[in-house]
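Position 27 of the sequence shown, counting from 1, maps to 27 under this note's numbering, and the rest follow consecutively.
All C-beta atoms, glycine included, are put in the ideal place defined by N, C-alpha and C.
Computed from a prediction, not measured in an experiment: that's the story for all the values here.
Here is the structure we will look at.
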Amino acid sequence: MVYMNRIGFVMQDDDVFPHLTVKETLTYASLLRLPKALTKQQKEERAMNVLTSKRTRP
Numbered sequence: 001m002v003y004m005n006r007i008g009f010v011m012q013d014d015d016v017f018p019h020l021t022v023k024e025t026l027t028y029a030s031l032l033r034l035p036k037a038l039t040k041q042q043k044e045e046r047a048m049n050v051l052t053s054k055r056t057r058p
């Protein structure tokens, strides 16, 4: 076990709110995580682009 002193494990939980729709969750995440240089409208558009791209795939 050579790597025992070099590897760590960190528990991670995704912050998902079960009462939000997929659209609301993506918009919320984009508003929080995208750069501040983007406007609110740009962030919302980015969220919608992700949503529509995922819906159009088989």
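Checklist line | Burial state of A37, where buried means 16 or more other Cβ atoms lie within 10 Å | finding: Residue burial annotation: A37 is exposed, with fewer than 16 other C-beta atoms found within 10 angstroms of its C-beta.
Notebook entry, point to check: For the alpha helix (DSSP H) that contains K23, what are its first and last residues?
Noted result: Element bounds for K23: 22–33.
Notebook entry, point to check: Any idea what DSSP makes of V16, helix, strand or coil?
Noted result: V16 falls in the coil class under three-state DSSP.
Next item on the list: Use the C-beta contact count for T21: other C-beta atoms within 10 angstroms, 16 or more gives buried, fewer gives exposed.
Entry: The Cβ neighbour count for T21, taken over all protein chains shown within 10 Å, is under 16; the residue is labelled exposed.
Notebook entry, point to check: Going straight from the alpha carbon of P19 to that of T27, what length do you get?
Noted result: The amino acid at residue 19 is misidentified as Pro; the sequence shows His. The straight-line gap from Cα to Cα measures roughly 14 Å.
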